[in-house]
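First residue of the sequence shown: 15, per my numbering; consecutive thereafter.
Each residue gets a CB set at the ideal place from its N, CA and C atoms; glycine is no exception.
Here the structure is a predicted model, which means the values were calculated and not measured.
Working notes, structure below.
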Amino acid sequence: MVGSPLSSPLDVLANPAGGGLLLIVGPPGSGKSTLVKRYLAEGLAREEPCLAAVVDEPPHRFELELQGHVKVDLSEKLKEGLLHILDFFTWRGGVLVGDMRYKPVTTLDAVIAEAEATSPWRMAVDSITTLAFHFPADSVWRFLDTLRVKAALRGNSIAATLEQGVHSKSFQESLRHIADYTLELRVEERRVLWSEQVRRYVRLAVPRQAQVGKWIKLKS
15 MVGSPLSSPL DVLANPAGGG LLLIVGPPGS GKSTLVKRYL AEGLAREEPC
65 LAAVVDEPPH RFELELQGHV KVDLSEKLKE GLLHILDFFT WRGGVLVGDM
115 RYKPVTTLDA VIAEAEATSP WRMAVDSITT LAFHFPADSV WRFLDTLRVK
165 AALRGNSIAA TLEQGVHSKS FQESLRHIAD YTLELRVEER RVLWSEQVRR
215 YVRLAVPRQA QVGKWIKLKS
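Structure (structure tokens):
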């Protein structure tokens, strides 16, 4: 990784540790999904095979927002197989088949199988929080740990988002325990005269080395 990751926390999006798990944690509206899309965009710009398990929003919206972070045509990358989008969202509405451009999945094992089949250099799961509402927490933990280990064996990376304050402390700590890096986000709201200002901050933690960087203000 170029430079000091603790002083330049967003560098980890461009240059994730080979075989590492990047956990992106923050409250609602802090920018977790935006950062996970930037992580994928960095890979696509390098022609790295990418896989996204989309849980929180319709996959076409995920693709549209991801397109805003890259210069390449994502529809072409989907056709070429450089980008795979797994549709975990449609199943939540009781529909088994959605947009045919995206692979529908209904189980955690199906996501693992797709990761095995496509062997992406970068994988994203957005979000772990919603998965934990539909599957037992211990199953979700094993799911993420399995993906992490499989990625590590290939020298690949995975990024996953987690909403702060929703889960039990033990569940959150168990996820932090297996993470190689954690991007932590926070939001400050301030009223100035008649307007409300929202400021977002990020810092990088390396749990296994007990290192925590300083808070850096994100650009609006």
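One or two residues paired with residue i in a DSSP bridge
i    : result
G40  : E177
D140 : V68
S171 : R136
Y215 : R200, K231
D101 : V68, P118
Q225 : V220
Helix, strand or coil at residue i according to DSSP, with G and I counted as helix
i    : result
R28  : It should be pointed out that residue 28 corresponds to Ala in this sequence rather than to Arg. DSSP places A28 in helix when its eight states are reduced to three.
K85  : coil
S209 : strand
L35  : strand
Beta-carbon contacts of residue i that lie in its chain and below 7 Å, excluding the five residues immediately before and after
i    : result
S44  : L199, R200, V201, R214
L49  : L27, I38, L197
L80  : K51, L54, A55, L88
R190 : L37, T196, P221
Residues near residue i in its chain [Cβ-Cβ closer than 8 Å; skip 5 each side]
i    : result
G179 : P41
S141 : K46, S47, V69, D70, A174, T175, L176, E177
Residue of the options minimising C-alpha distance to residue i
i   : options               : result
P30 : A173, V86, T143, T120 : A173
A55 : A67, K233, V69, G82   : G82
P63 : I99, T120, K164, L35  : I99
Own chain partners of residue i with C-beta closer than 6 Å, once the 5 adjacent residues on each side are dropped
i   : result
M15 : Because M15 sits at a pLDDT of 39, beneath the cut-off of 50, its placement in the model cannot be relied upon, and the following sentence gives the value as read from the coordinates. N29, listed in sequence order.
Beta-carbon separation (whole angstroms), residue i vs residue j, contact threshold 8 Å
i    : j    : result
L176 : Q186 : 7 Å
R136 : Y53  : 7 Å
F103 : P150 : Incorrect: roughly 20 Å between the Cβ atoms, too far for contact.
Within-8 Å CB hit, residue i to chain C
i    : result
G179 : Absent from the structure is chain C; it holds one protein chain and no more.
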